[in-house]
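Quick notes on the structure that follows.
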Amino acid sequence: MDSLRSKENLNQFERIFGKTNTNPRLFEAPARINIIGEHVDYLGGIVLPAAINFSVHVFLRPNQTNLYRFHSITFNETISIKKPFLSNQNAPWTDYITGVIVELEAEGHSIPGFDLLVDGNIPQGSGLSSSAALEVVTGFAISECFGLGIKREKIAVIGQKAENNFVGTKCGIMDQFIIAVGKQNDCISLNTDTLNYSYHHFELGDHEFYLINSNVKHNLKDSAYNQRRLECESALQKIHSKFPNFKQLYDVTLTESEIKNCDLTPDEFKRTKHVISERERTKQVIEGLESNQFSKVGAALYEAHDSLSKNFEVSCEETDFIVSQLKDLGVMGARMIGGGFGGCVLVLDKKEGFAKINEEMKKSYQQKFNLALDFYKFQISDGVKEISI
Ligand code: GLA
108 MDSLRSKENL NQFERIFGKT NTNPRLFEAP ARINIIGEHV DYLGGIVLPA
158 AINFSVHVFL RPNQTNLYRF HSITFNETIS IKKPFLSNQN APWTDYITGV
208 IVELEAEGHS IPGFDLLVDG NIPQGSGLSS SAALEVVTGF AISECFGLGI
258 KREKIAVIGQ KAENNFVGTK CGIMDQFIIA VGKQNDCISL NTDTLNYSYH
308 HFELGDHEFY LINSNVKHNL KDSAYNQRRL ECESALQKIH SKFPNFKQLY
358 DVTLTESEIK NCDLTPDEFK RTKHVISERE RTKQVIEGLE SNQFSKVGAA
408 LYEAHDSLSK NFEVSCEETD FIVSQLKDLG VMGARMIGGG FGGCVLVLDK
458 KEGFAKINEE MKKSYQQKFN LALDFYKFQI SDGVKEISI
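Here this note's numbering = 1-based position in the sequence shown + 107.
As structure tokens, this is what we get:
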């Protein structure tokens, strides 16, 4: 977000919460993409996300009272709360902030009252993790402003707990983690079982990744997400009772017929198939990126989409259409990213193809769904940080 908008937000902060001797501090958290490893981060899988240059900004200043006052620029709304903290159905955006305070206090920190103003340009419902960015920036800003010194990795876990326990979406750790630890130009490979991770830099040469926003967000998103997680847990339980060595669904190395013998329901079988095949595709993508074999990467992205659509059943008509059109147009690879049911498609292609694809896709999508498509080029950027004003 540019510095002019930050200055306007600072003025707005002082208009709403008053001017004192202490200036509010400004913090920024990025959006994220995920190259491969979708719907495996709550199953002990490996994911390959990167932070990108859309962001959520937060101004925060302690207020020496027992009030927590939040203002959203996007919703043009100010909410003031006190303990005990309850979910706010009328202003659901505040739950991401309140949830973080609750989780910090559950960790033994005492968080006094503060004023917070939030603004952002991450398209909501686009699968780029605007909510995780709000959780992480809130946790980081509180930690810095009250001198708690909490490590980035821990802030990610607190953000995930806020989402799981207070907001009620049983998300994995990927989004909060990359938003907390991201580094300019690098993606990470994160083992979601151990939380060990390492930074990777890939040279794409005359290729590029970009995003296409389907501009749809289907309502099912949260309920279906929690449902998928339950199906994976029950599949693992059944497999584990016959093959006790497997502690995570991601680690299962059985044949299809061995899995079928575990009495899985047809849905549990399909979910398991996605998870295990995603593990193989992740290897393929990492090898392809390391050896500049981009067609190998692209093929794995298309296969991942197919599996997310048919086996995990988290895609939708619009994103399926985008991916199949891209394939027909000879684009190297593409797949839906994030939780699914709309949002963005990640594309890998030769740079020279962009203008033509942009034009053709917008036309055909408009014709089919009477909807606009948005194309985003992005840079891989840093994780959450303080901005000096
Ligand atoms: C959402 C969740 C993540 C992850 C993805 C799917 O973005 O927040 O934890 O599960 O969906 O990979």
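Cβ coordinates follow ideal geometry from the N, Cα and C atoms, glycine included. These figures come from a predicted structure and were not determined experimentally.
- Excluding its 5 nearest sequence neighbours in each direction, N271 has C-beta neighbours in its own chain below 6 Å: K277, listed in chain order.
- Between the segment 313-321 and the segment 431-451 there are three or more inter-stretch CB-CB distances shorter than 8 Å, so the stretches are counted as touching.
- D148 has its Cβ nearer than 8 Å to a heavy atom of the ligand GLA.
- Proximity of the beta carbon of I280 to the ligand GLA is indicated: a heavy atom of the ligand is located closer than 8 Å.
- Excluding five sequence positions before and after L155, the CB atoms of its chain that fall closer than 6 Å to its own CB belong to I142, I143, G144, C294, S296, given in chain order.
- Bounds of the alpha helix (DSSP H) holding P373 are 373-397.
- At a threshold of 8 Å, Y175 does not count as near the ligand GLA, since its beta carbon sits no closer than that to any of the ligand's heavy atoms.
- With respect to the 9 Å criterion, L211 and I249 are classified as neighbours on the basis of their beta carbons.
- G256 has its CB no nearer than 8 Å to any heavy atom of the ligand GLA.
- G275 is classed as exposed because its beta carbon has fewer than 16 other beta carbons within 10 Å across all chains shown.
- Setting aside the 5 residues that flank it on each side, N399 is surrounded in the same chain by E310, G312, each with a C-beta closer than 8 Å to its C-beta; the list follows chain order.
- Where S113 is concerned, the enclosing alpha helix (DSSP H) starts and stops at 110-124.
- Residue burial annotation: D109 is exposed, with fewer than 16 other C-beta atoms found within 10 angstroms of its C-beta.
- Apart from the 5 residues on each side of it in sequence, T205 sits with its Cβ closer than 6 Å to the Cβ of F192 in its chain, given in chain order.
- When secondary structure is reduced to three states using DSSP, H146 falls in the coil class, being assigned neither helix nor strand.
- Under the three-state reduction of DSSP, G279 is assigned to coil, being neither helix nor strand.
- In the three-state scheme derived from DSSP, where H, G and I count as helix and E and B as strand, N292 is classed as coil.
- Cβ contact annotation for H314 (same chain, cutoff 8 Å, sequence separation greater than five): F401, M439, L455, D456, K457, K458, in chain order.
- V147 is a Cβ neighbour of T299, given a cutoff of 9 Å.
- Our two residues, A462 and Q391, have alpha carbons roughly 28 Å apart in a direct line.
- With a threshold of 16 other beta carbon atoms within 10 Å, R378 meets it and is buried.
- Residue pairing by DSSP places V165 opposite F134, V225 in a beta bridge.
- Note that the C-beta distance between G227 and K324 is not below 9 Å.
- Of the other Cβ atoms in all chains shown, fewer than 16 fall within 10 Å of the Cβ of K354; this residue is therefore exposed.
- Taking the C-beta atoms as reference points, T127 is found nearer than 9 Å to R168.
- Judged by DSSP secondary structure, K458 falls outside any alpha helix (DSSP H); it is assigned neither H nor E.
- Separation of the CB atoms of F182 and V491 is rounded to 22 Å, and the pair is thereby denied contact status at 8 Å.
- The closest heavy atom of the ligand GLA lies 8 Å or more from the beta carbon of Y483.
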